Amino acid sequence: MVELSQLEQLLLLAECGTLSRAAEQLHLSQPALSRSMQRLETELQVTLFDRQKNKIALNDNGRMAVEYARRIVGETRDMAARIQAFDRSQRTILVGSCAPAPLWEISQTLSELYPDRTISSEIRENQALLQGLWENLYQLIVLPYALEEPGFTCVQYGEEHLFFSLPPAHPLSDSKTLFMKELNGETMLLRNRLGFWRELAAEKMPDTHFLEQEEVAFNELVKLSALPSFTTDVVLQREGNPPSRVNIPIVDPEANVSYYCLCRTEGKTNLRGFFQRITPV
1 MVELSQLEQL LLLAECGTLS RAAEQLHLSQ PALSRSMQRL ETELQVTLFD RQKNKIALND
61 NGRMAVEYAR RIVGETRDMA ARIQAFDRSQ RTILVGSCAP APLWEISQTL SELYPDRTIS
121 SEIRENQALL QGLWENLYQL IVLPYALEEP GFTCVQYGEE HLFFSLPPAH PLSDSKTLFM
181 KELNGETMLL RNRLGFWREL AAEKMPDTHF LEQEEVAFNE LVKLSALPSF TTDVVLQREG
241 NPPSRVNIPI VDPEANVSYY CLCRTEGKTN LRGFFQRITP V
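Here's what the structure looks like:
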């Protein structure tokens, strides 16, 4: 019977082009790799290589075998990844989010509803979240837009609105509202791991010098610094307003978002309690 390891060796041999290079990468001796390929030929009952002194090369049979091996190895690895993801989903709920704020409440809610399961979370870009949900890496994701496509369940979760946090002495601290471009070019403090908010800041304020900080350091610097920073209504509700700071709403449409929780439709049953909790009556 053909073994998966033989197909993997065949693929590496085709990639390396020589027996010696393939054997080196596989940490095998050349004679051991040669014997393995001979056993593969015996199993397939065909010759896969043209052999000369100190040299072997794939023949037409070998090249066809490589194409089949590539598909078989790829499908086997995909099978393993999907089964492992399914196994994790039985014991763990992995939540992927486009921003940190939704995770604060969602993680707590899931822990309360599913005390027998481990709740994990991470922040990723939107496309990676969708791909991960489709591949069952995530059981739940949060996006800053709705997605109405077959195979997905999408429920609005909440909103978040971006503000400039300015010291009172800043020239724009008396403004009622601001556009992001009005502070473009300044130096600003920025909390790290912001998800899509970081991409938005870079896009809207390309000339701004951002001093990115871990959360604890960022909070302390905001209290002491005269530099502008960002905050949101969700952060202010959770952490309160730092002393000596003025919060100015940002009116760019992209700075005011609605969040949506998505899961695979086939997996909604496992999260029924969560979706009942967040769906308005």
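Per UniProt numbering, residue 1 is the first one in the sequence shown, and the count goes up by one each step.
For glycine and all other residues, C-beta sits at the position ideal for the given N, C-alpha and C.
The structure presented is a predicted model; accordingly, all values stated were derived computationally and were not measured.
When the Cα atoms are used, what is the spatial distance from residue i to residue j?
i	j	result
residue 146	residue 262	9 Å
residue 130	residue 264	10 Å
residue 266	residue 151	7 Å
residue 123	residue 223	26 Å
residue 26	residue 18	12 Å
residue 23	residue 207	52 Å
residue 253	residue 65	55 Å
residue 61	residue 48	5 Å
residue 100	residue 106	10 Å
residue 326	residue 14	Because residue 326 is not part of the residues shown, which for the chain are 1 to 281, the question remains open.
residue 239	residue 121	21 Å
residue 257	residue 220	27 Å
residue 269	residue 216	38 Å
residue 203	residue 127	18 Å
residue 273	residue 148	21 Å
residue 119	residue 214	23 Å
residue 53	residue 81	41 Å
residue 30	residue 63	21 Å
residue 278	residue 88	24 Å
residue 132	residue 76	19 Å
Let me make sure I understand the geometry here. Which of the options has the alpha-carbon closest to that of residue i?
i	options	result
residue 83	58, 48, 135, 200	135
residue 111	266, 63, 92, 99	92
residue 275	76, 11, 157	157
residue 242	251, 213, 255, 225	225
residue 39	2, 128, 271	2
residue 33	12, 50, 76	12
residue 200	271, 125, 214, 244	125
residue 159	132, 185, 237	237
residue 271	109, 51, 198	109
Would the beta-carbon of residue i fall within 7 Å of that of residue j?
i	j	result
residue 144	residue 196	yes
residue 96	residue 141	yes
residue 166	residue 189	no
residue 163	residue 228	no
residue 78	residue 161	no
residue 98	residue 260	no
residue 246	residue 168	yes
residue 248	residue 178	yes
residue 191	residue 218	yes
residue 138	residue 94	yes
residue 187	residue 209	yes
residue 10	residue 69	yes
residue 205	residue 250	no
Within 7 Å (strictly less), CB to CB, does residue i reach chain B?
i	result
residue 183	In the displayed structure, chain B is absent; only one protein chain is listed.
query: Is there contact here, the region 113-131 with the region 173-192, by at least three beta-carbon pairs under 8 Å?
result: no
- prompt: Which runs of the beta strand (DSSP E) spanning at least 3 residues fall entirely within the UniProt domain "HTH lysR-type" (2-59), listed in chain order?
  reply: 49-52, 55-58
Whole runs of the beta strand (DSSP E) within the region 192-220, excluding any shorter than 3 residues: 209-213
Segment contact, 8 Å Cβ cut-off, at least three pairs: the region 29-45 with the region 3-17: yes
field: Contiguous beta strand (DSSP E) assignments of at least 3 residues, all confined to the region 129-167
entry: 140-143, 152-166
message: Restricting to runs no shorter than 4 residues, where is the alpha helix (DSSP H) found entirely within the region 96-134?
response: 101-113, 126-134
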